[in-house]
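Undergrad: Protein sequences appear in the order of chains A and B.
Heads up: the first sequence at position 327 corresponds to 326 in numbering that gives the first Met the number 0, and the numbers run straight through without jumps.
Heads up: the second sequence at position 249 corresponds to 248 in numbering that gives the first Met the number 0, and the numbers run straight through without jumps.
Glycine is no exception: its CB is placed at the ideal position from the N, C-alpha and C atoms.
Predicted, not measured: the structure shown is a model, and the values here were computed from it.
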Amino acid sequence: MVAGGRAQFDGVTLRGVTESTPPSNFVSDVLAPKFEELTGIRVEIETTSWDQMYDKAIKDMEAGTGIYDMVYLEQDIVYAYLARDFLVDVTAALQEHPDLQAPGYDEANFTTFADNFRGENGGLYGTPMEAFIKVYLYRTDLFEDEEIRAAFQEQTGRELEPAKTHEEYAEIAEFFTRWGQEHDLDLWGTTAQAHTGHPASWYEYFESVAPTYGVYDWGIKPDQNYAASVENGGEMNSDEAKAAMTWWLSMRDLAPPESVQSTWTEVATTFAAGRAAQGLVYGENAAWIATDDSQSRVVGEVGVAMPPLEDGVMEDAESGEGYIGYYDGGAFGMPVTSNNQDAALLFMQFMALPEVQEDWAIAGSRITLNSTYDAPRVQEVDAELGGYYTMLRDDGRLFKGAPEYPFHRQLIEATAPIFYQILTGDLEPGEGLDQMAAKSEEELTSLGYRTN
Amino acid sequence: MQSNKLGWFLLAPTLVVLFFFGVIPFFYVVWLAFHQWNPFAVNPEIVFNGAANFRQLVFDQGFLASLGVTIAFVFFAVTTELIIGYALAQAFMRDFPGKAFFRTIHTLPLIMAPIIVGSIWKLMTTPSIGIIPQFLDNWFGYDLNIGQSALAAFTVTVIMDVWHWTPLVTLTMIAALVSLPPDPFEQAQIDGANKRQIFWHITLPMIRPAILATVFIRLMDALRTVDEVLMLTGGGPGSATRYLGVHIFKEVFPKTNYGYGSAVSVIVLYLTIVVCWLLFVALIAPRNKKG
């Protein structure tokens, strides 16, 4: 692994900062000690909250302090970091230092998700370490229960199957919420990532719900001077966006009461606790929900399906003009200010070696190498999970990460207070989205992306 | 002369630390407040923009709303802490079984980091799993959901602050009460004063400096509350608990609006100084004048 011998890296400690997620925790708990055992290079990974992760990484890179040798690059922030030249081009660095090339590391083995981390020159600016889609999970034990199926058939006149449209999804959600009430169960019809003070709710709406109504890239049109309002050519306040918001709010009202305080983590916990019959859940949690009985009450009772869609959305996704949901993930990138770039390059390659992928795929429901799909345990869990990994491989192309904007957090924070007012009912969805579109254009003008 | 030199020598490390970690950052923030700087803007450079940030601030509905809820939060939290803190101090002045134990237990919240306090209260107030909504529902049929009700969220943040910081008030009140001379109280009793009269005319005036010092400390702390509230509500629902500290945090860090965020910070510091000065003028100055 260390081509130049260990002496070169004596006493080196790599420091990284990342969000505390199942894949990141695997890096910290398993890969870092294993790497130290192999190379003698100590790796300290700070796993912290999403907000803190960004805060620490940006301050370090902005001030050029060189505290971190690796920072977590969520797919949606990479464009902002690239715009500021914060990161090292890993492809170029390895070409310049072939002695640091690890045997077994092959950039060509990455799934197409890695393309999200490439610069304009095609170079890779991070090692993909998590990649998942936000999937529609449903409880197979409930969906296959004869008594429930009969009751559903009687009430709706159709078979109980995972929903393909929003109307079907709503019908199922209403049915199960009522079923829970009638049978005195802690059971609701759907999950909702609807925190009233955290951008997780903003993300759920704009990245998972609005696209299923045909509103893509947050409803902002970069080719139309970054317009957000319909008046200027955007779609943030379009009829489709308003219909999506109205539908989502009605689903929120059928979700467990903790949903108004739920981020992505709590949504997974809610589903794992058996409190929801169906829901849109970040795929990074799918495997542990379906297989880990120390954390989940629904082990072996989880099915996976495509999100419900409006007419025309699947056609858009197939043609590449749209997408049906959120493809999230992240990479470890190296700040140009890192003081241990050679050692960091080694660790970043280590994370991409085929031999460390199998356990990681199970622990974090993530796959970043094509070869991992064939691993025996991955195939085993895939069957238990109703084909989640197969869906990731075959249909991942229909999902999309965040749009290529360098102003993600700035725009979100500017519009989030209005968004929260929609959630609390202080603003009607239509009025709220109108205000958000106007605020977006104002913020983008202030940042210099939009010109008057 | 010798002792002066020794004094400065001993003070030097503190002054150096204060200079680098207090004075320089302070002037840096003041300097930034007169600039536009967002590293993720098309122009990421720092550009002088005069008083534009302050002008923007005056018309910023978000800031003004934040200022309003912060004033309400500070008023209710600090007042409640003073009342309960004084009552507890009086209780701890008396002997009762288990006094040492209760006194120790009662100070425990003080040693907790604010982020931990926020986490604990989040666990306790999350609907369906939290102990507080559970009992409120069982006993009173009240459905507490701080993610939905602005009033409930505001009230819970006040209670959380009171839970966390009342012990500090109690300790300072105990220190003040213990240091009071017995003579005036004995004289008053001989003159036939009742408890209320003794409290109003003797105890309160004599511990007024301690009360004022406590109010200053708590006021400044409450005005810059961030961690606990961010963890508990994230500033929501809506902007119901987006106190100034949270507002500044969101402007400066996620939004990376460093110039404007600095301007808000400077104004908040100015307001804090003004409020403390007004309190001083109202409570201490008249007393000194009489003296």
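Could you check which residue in B/Pro132, B/Ile197 and B/Gly258 has the C-alpha nearest to that of B/Asn50?
TA: It is worth fixing the name first, because residue 50 of chain B is Ala in this sequence and not Asn. Answer by Cα proximity: B/Gly258.
Undergrad: Would you verify that the beta carbon of B/Asn52 is, or is not, closer than 8 angstroms to some beta carbon of chain A?
TA: It does not; no Cβ of chain A falls within 8 angstroms.
Undergrad: Which term fits B/Thr165, buried or exposed, when burial requires 16 or more other beta carbons within 10 angstroms of its beta carbon?
TA: B/Thr165 is buried by the Cβ-count criterion.
Undergrad: Give the straight-line distance between the Cα atoms of A/Met250 and B/Phe33, rounded to the nearest whole angstrom.
TA: If I take the Cα positions, the gap works out to 46 angstroms.
Undergrad: If you run the structure through DSSP and keep just helix, strand and coil, what is B/Ala112?
TA: If DSSP states are grouped into helix, strand and coil, B/Ala112 belongs with coil.
Undergrad: Closer than 7 angstroms by beta-carbon distance: list the chain A residues that pair up with B/Ala40, in chain order.
TA: In chain order: Leu446 and Gly447.
Undergrad: What is the C-beta distance between A/Tyr326 and A/Phe398, in whole angstroms, given that I count them as a contact (C-beta under 8 angstroms)?
TA: Right, the Cβ-Cβ distance comes to about 4 angstroms (below 8 angstroms), so this counts as a contact.
Undergrad: Here's the rule: buried if 16 or more other CB atoms are within 10 angstroms of the residue's CB, otherwise exposed. What is A/His182?
TA: Result: exposed.
Undergrad: Does DSSP classify B/Met230 as helix, strand or coil?
TA: Looking at B/Met230 - three-state DSSP - the assignment turns out to be helix.
Undergrad: Kindly indicate which three-state DSSP category A/Tyr67 falls into: helix, strand or coil?
TA: Of the three classes helix, strand and coil, the one that applies to A/Tyr67 here is coil, per DSSP.
Undergrad: Can you tell me whether B/Trp30 is helix, strand or coil according to DSSP?
TA: Reduced to three states, the DSSP call for B/Trp30 is helix.
Undergrad: Considering only the beta carbon of each residue, do A/Leu136 and A/Val301 sit closer than 8 angstroms?
TA: Cβ atoms of A/Leu136 and A/Val301: closer than 8 angstroms.
Undergrad: Closest to A/Asp98 by C-alpha separation, out of A/Leu344, A/Leu81 and A/Trp246, would be which residue?
TA: With distances taken between Cα atoms, A/Asp98 lies closest to A/Leu344.
Undergrad: Within 8 angstroms (strictly less), CB to CB, does A/Tyr419 reach chain B?
TA: Taking Cβ atoms only, chain B reaches closer than 8 angstroms to A/Tyr419, which makes this a yes.
Undergrad: Quick one: list the residues of chain B neighbouring A/Asp54, beta-carbon separation under 7 angstroms, in chain order.
TA: Ordered by position in chain B, the residues that pass the 7 angstroms Cβ test against A/Asp54 are Phe252.
Undergrad: Any residues in the stretch 169-187 of chain A with a beta carbon nearer than 9 angstroms to a beta carbon of chain B? Which ones, in chain order?
TA: Those residues of the stretch 169-187 of chain A that come within reach of chain B (Cβ to Cβ, closer than 9 angstroms) are Asp185.
Undergrad: Considering only residues of the stretch 178-220 of chain B, which uninterrupted alpha helix (DSSP H) runs meet the minimum length of 4 residues and lie entirely inside it, listed in chain order?
TA: Listed in chain order, they are 182-189 and 194-197.
Undergrad: Name the chain B residues whose beta carbon is nearer than 7 angstroms to that of A/Pro255?
TA: Per Cβ cutoff of 7 angstroms: Ser127.
Undergrad: Just how far apart, CA to CA, sit A/Gln260 and A/Gln192?
TA: Cα to Cα, the separation comes out at about 8 angstroms.
Undergrad: Take the Cβ of B/Lys194 as the centre, count every other Cβ of all protein chains shown within 10 Å, and call the residue buried at 16 or more, exposed below.
TA: It counts as exposed.
Undergrad: Return the CA-CA distance between B/Val265 and B/Leu282, expressed in angstroms with no decimal places.
TA: Going from the Cα of B/Val265 to the Cα of B/Leu282 covers about 26 angstroms.
Undergrad: Taking the alpha-carbon of A/Ile411 as reference, which of A/Ile44, A/Thr90, A/Gln223 and A/Asp50 has the nearest alpha-carbon?
TA: Looking at the Cα atoms, A/Asp50 is the closest of the given residues.
Undergrad: Using three-state DSSP, classify A/Leu344 as helix, strand or coil.
TA: It is helical.
Undergrad: Taking a Cβ distance cut-off of 7 angstroms, strictly less, list which residues of the stretch 233-263 of chain B are near chain A, in chain order.
TA: Result list: Gly233, Gly234, Gly235, Pro236, Gly237, Ser238, Lys249, Phe252, Pro253, Lys254 and Thr255.
Undergrad: Start and end of the beta strand (DSSP E) containing A/Tyr135?
TA: Segment Thr126 to Arg138, the beta strand (DSSP E) holding A/Tyr135.
Undergrad: Could you give the first and the last residue of the continuous alpha helix (DSSP H) run that contains A/Asp425?
TA: Neither: A/Asp425 is in no alpha helix (DSSP H) and is coded neither H nor E.
Undergrad: Of all Cβ atoms in chain A, is any one closer than 8 angstroms to the Cβ of B/Gly117?
TA: Chain A contact via Cβ: absent.
Undergrad: Measure the Cβ-Cβ separation of A/Met128 and A/Ala330 and say whether it is below 8 angstroms.
TA: Yes; because the gap between Cβ atoms is below 8 angstroms, this pair is in contact.
Undergrad: Might you give, ordered along the chain, the residues of its own chain that have their beta carbon closer than 6 angstroms to the beta carbon of B/His163, omitting 5 neighbours on each side?
TA: If we look at B/His163 and ignore the five residues flanking it on each side, its Cβ neighbours are Pro108 and Val116.
Undergrad: Taking A/Gly10 as the query, report the chain B residues whose CB atoms sit under 9 angstroms from its CB, ordered along the chain.
TA: Those do not exist, as A/Gly10 stays about 28 angstroms from chain B at its closest Cβ, beyond 9 angstroms.
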